[in-house]
Amino acid sequence: MPEAENAPANFIEQIIIDDLKTGKWAGRVHTRFPPEPNGYLHIGHAKSILLNFGLAEKFGGKCNLRFDDTNPVKEEEEYVESIKRDVRWLGCDWEDRLYFASDYFEQMYAWAVQLIEAGKAYVCDLSPEQTREYRGTLTRPGRNSPYRDRSIEENLDLFKRMRAGEFPDGSRTLRAKIDMAHPNLNMRDPVMYRILHAPHHRTGDAWCIYPMYDWAHGLEDSIENITHSICTLEFENHRPLYDWFLDQLHVHHPQQIEFARLNLTYTVMSKRKLLELVRERHVAGWDDPRMPTISGLRRRGVTPAAVREFCRRVGVAKFDSVIDIALLEHCIRADLNKTAPRVMGVLRPLKVVIENYPENQDEELDAINNPEDPAAGTRKVPFCRELYIERDDFREDPPRKFFRLAPGREVRLRYAYFVTCTGVIKNEAGQTVELRCTYDPATRGGDAPDGRKVKGTIHWVSARHALRADVRLYDHLFSKPDPDDVPEGQDYRANLNPQSLVVLPGCPVEPSLGTAQPGDRFQFERLGYFCVDPDSAGGRLVFNRTVTLRDTWSKLEKKMRENSRPEH
RNA sequence: UACCCGGUGGUGUAAUCGGUAACACACCAGGUUUUGGUCCUGGCAUUCCUGGUUCGAGUCCAGGCCGGGUAGCCA
110 MPEAENAPAN FIEQIIIDDL KTGKWAGRVH TRFPPEPNGY LHIGHAKSIL
160 LNFGLAEKFG GKCNLRFDDT NPVKEEEEYV ESIKRDVRWL GCDWEDRLYF
210 ASDYFEQMYA WAVQLIEAGK AYVCDLSPEQ TREYRGTLTR PGRNSPYRDR
260 SIEENLDLFK RMRAGEFPDG SRTLRAKIDM AHPNLNMRDP VMYRILHAPH
310 HRTGDAWCIY PMYDWAHGLE DSIENITHSI CTLEFENHRP LYDWFLDQLH
360 VHHPQQIEFA RLNLTYTVMS KRKLLELVRE RHVAGWDDPR MPTISGLRRR
410 GVTPAAVREF CRRVGVAKFD SVIDIALLEH CIRADLNKTA PRVMGVLRPL
460 KVVIENYPEN QDEELDAINN PEDPAAGTRK VPFCRELYIE RDDFREDPPR
510 KFFRLAPGRE VRLRYAYFVT CTGVIKNEAG QTVELRCTYD PATRGGDAPD
560 GRKVKGTIHW VSARHALRAD VRLYDHLFSK PDPDDVPEGQ DYRANLNPQS
610 LVVLPGCPVE PSLGTAQPGD RFQFERLGYF CVDPDSAGGR LVFNRTVTLR
660 DTWSKLEKKM RENSRPEH
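Using the working numbering, the first residue of the first sequence is number 110, and each one after it goes up by one.
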């Protein structure tokens, strides 16, 4: 896939270009992707990852992977590993720059002591509830804590004892002494440290006080010599505090820049909601192919190249936008169209018997592996008297513009012969269970020597040679573009799409698929792109539908149906 | 009702000292085709509003309107 041609610079690139021009950072560009290891990464994180690593690459700089592990009660080693895997999968390389905020705890503590000594921080004994009360509201100023004017000596002593574990959780905090009447609530003496007697996944029980995000994050950036600290819009109000801490300490001071996070139609992106979907079993897990997680996309069969191209096209700005999921689907198709081998498989089989084809005969026909890539070559596909075709490819009473099979009508079986439908066999219930056809031996390979044309070409699988596969058809997880668009009293779960997963067991597929491995991607001709699920391990073939092909016919048919419907 | 940030077609992103609104997706209409796929062609916005500055404003100024964020000892 052609990546990042000379696209116009987004506003962050513009800032960097200007900085380079003025020599602000001595020509350096150093970014970082700083996830908290408290969950799985989703495509919104992919935007951030690609932005940060992309900037570094574009301007000859570096990008760190840093785990912002300052809250031990929410974080786990398992998440660290999954995040590393996902970042790598996207094609980003942090080389030797893997860092953890927890490695800086000692330095952060020393800086906190420095702030106390400068009279800029104090130990506060207010309870969490009292702290909230004293903070005031959006429209009312806060009040000073009664502990705000403790002596430096007392603060130093108390802070040391907080670290030593003398006090219970929630009993005291270390706060910055700024301004309780500040219009920005983040500046009303924010908490820097809280007491948390909780084991940390990396530091164990070495600490029982942990730094808050606002205190820690700028220090982490500073320690790592970051130049541009890029985060999402909701941290805009935190920037004055980010700047304040760094200014007080007179240390390296990166520039914080905020951009809009990625939102997609027909899905949710918040960690809380994704966690709920998993916990309440609306999906099979974090890597359920319907999830917008990186692991879900991967299992779905989406390629890293498609995600990269998608994020590139989405752009970077400060406008709170919602991207049409159709753009992602387009990027997936565009990539897979160029790379996925074609294959034939039938989702909803209808048996066809070629009456004039000898009972015990069979033969192999040549099929093109990928018309977009001549180098992909050809393969043999077996043919015999009994075949399966798609139920959708036959209509006893065909509507206008239906080019497929119908009684008396002739179509082409892809790479095989022209066949004409001569009979329809039904069961007692009146359902079509089998078709009788005749074939024209002269049309072998799909062309008629007499120049005869057919309107339709359909796919098929030889009944005798077919392999059986379970196919999972995935659709949008939610049935509305905005899952939060619900009546009063309901929530996004009310919009869960009951059809988001349809499993079709035992679908006949061509025998060349016998060697397919988990992760392999194919285009099932005329249907869509599918990939082999890891569940196939036991020798049983399981496919996930990544995305359908564009389907002009179903669109047309739907429109005709609507038009023929009586008015009002 | 406080502070901060935004507002260009159905959806996004551009227009870099103010100079005749570009690209993509979606949608619509055609063409090609052994995938109703791909590919190709065409259609689809007077830039939230009102004033102002200017020969000229999406870009600058003023006022308004609308949307988002913020009251964790989460990040």
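Glycine included, each C-beta is placed from N, C-alpha and C at the ideal position.
query: DSSP state of VAL533, grouped into three classes?; result: strand
query: For GLY637, count neighbouring C-beta atoms within 10 Å of its own C-beta (all shown protein chains included) and say buried if the count is 16 or more, exposed if not.; result: buried
query: Tell me the DSSP secondary structure of LEU586 in three-state form.; result: coil
query: Given a threshold of 16 other Cβ atoms within 10 Å of its Cβ, counted over all protein chains shown, does ASP258 qualify as buried or as exposed?; result: exposed
query: Would ASP584 pass as a contact of GLN608 if the rule is Cβ separation under 8 Å?; result: yes
query: Alpha carbon to alpha carbon, what distance is there between VAL425 and SER673?; result: 45 Å
query: With a Cβ-Cβ cutoff of 8 Å, do ILE304 and MET271 count as a contact?; result: yes
query: Within 10 angstroms of its Cβ, does GLU671 collect 16 or more other Cβ (buried), or is it exposed?; result: exposed
query: In this structure, does DSSP put GLU112 in helix, strand or coil?; result: Caution is warranted here: a pLDDT of 39 is assigned to GLU112, below 50, making its placement in the model unreliable, and no coordinate value can be reported.
query: When the Cβ atoms of the stretch 574-588 are set against those of the stretch 390-403, are three or more pairs found closer than 8 Å?; result: yes
query: Going by the beta-carbon positions, is the gap between VAL461 and CYS546 smaller than 8 Å?; result: yes
query: Thinking GLY410 and CYS640 are a contact (beta carbons under 8 Å), I'd like their distance in whole angstroms, please.; result: 3 Å
query: Could you give the uninterrupted runs of the alpha helix (DSSP H) lying entirely in the stretch 111-172, keeping only those of 4 residues or more?; result: 120-131 and 152-167
query: Does the stretch 458-473 come into contact with the stretch 196-203, if we say contact requires no fewer than three beta-carbon pairs (one atom in each stretch) closer than 8 Å?; result: no
query: For TYR548, which of helix, strand or coil comes out of DSSP?; result: strand
query: For PHE587, which option in MET378, THR240 and GLU238 has the closest C-alpha, if you only look at C-alpha atoms?; result: MET378
query: Who are the Cβ neighbours of ASP559 in its own chain at under 8 Å, not counting the five residues just before and after it?; result: ALA551
query: Beta-carbon within less than 8 Å of LEU342's beta-carbon, same chain only, minus the 5 sequence neighbours each way: which residues are those?; result: GLU367, PHE368, ALA369, ARG370, LYS427 and ASP429
query: Please return the same chain residues whose Cβ sits closer than 7 Å to the Cβ of ILE158, not counting the five positions on each side in sequence.; result: PHE142, VAL196, LEU199 and CYS201
query: CB-CB under 7 Å to HIS677, same chain, minus the five flanking residues each way: which ones, in chain order?; result: Caution is warranted here: a pLDDT of 39 is assigned to HIS677, below 50, making its placement in the model unreliable, and no coordinate value can be reported.
query: Cα separation between GLU204 and LEU164?; result: 16 Å
query: Taking contact to mean 3 or more Cβ pairs, one atom from each stretch, closer than 8 Å, check whether the stretch 616-632 and the stretch 640-656 are in contact.; result: yes
query: When you compare only the Cα positions, how much space is there between TRP220 and VAL138?; result: 26 Å
query: Going by C-alpha to C-alpha distance, which of SER254, THR240, ASN295 and SER236 sits closest to PHE276?; result: SER236
query: What whole-angstrom Cβ distance do THR282 and SER211 have, given they're in contact under 8 Å?; result: Incorrect: roughly 19 Å between the Cβ atoms, too far for contact.
query: Can you name the residues that DSSP bridges to SER338?; result: GLN365
query: Taking DSSP as the reference, what is the three-state secondary structure of GLU678?; result: Residue 678 lies beyond the residue range present for the chain, which begins at 110 and ends at 677; the question has no answer from this structure.
query: Over what stretch of residues does the beta strand (DSSP E) that includes ARG521 continue unbroken?; result: 519-522
query: Counting only the same chain and skipping the five closest in sequence on each side, list residues whose C-beta sits under 8 Å from that of ALA476.; result: ARG451, MET453, THR487, ARG488, LYS489, VAL490, ARG523 and TYR524
query: Quick check on GLN216: buried or exposed, where buried means 16 or more other Cβ atoms within 10 Å of its Cβ?; result: exposed
query: Considering just the uninterrupted stretch of the alpha helix (DSSP H) at ASP741, what are its terminal residues?; result: An answer regarding residue 741 cannot be provided, because it is not within the stretch 110 to 677 covered by the chain.
query: I think ARG521 touches PHE527, with their Cβ atoms under 8 Å apart; what is that distance to the nearest whole Å?; result: 5 Å
query: In or out: GLY148 buried (at least 16 other Cβ within 10 Å) or exposed?; result: buried
query: Mind pulling the alpha helix (DSSP H) runs of 4 or more residues that sit fully within the stretch 210-255?; result: 214-226 and 237-244
query: DSSP state of GLU676, grouped into three classes?; result: In this predicted model, GLU676 has a pLDDT of only 48, less than 50, meaning its place in the structure is not dependable; the value taken from the coordinates is given anyway. In the structure shown, GLU676 sits in coil (DSSP, three-state: anything other than H, G, I, E or B).
query: CB-CB under 7 Å to ASP278, same chain, minus the five flanking residues each way: which ones, in chain order?; result: ILE304, LEU305 and HIS306
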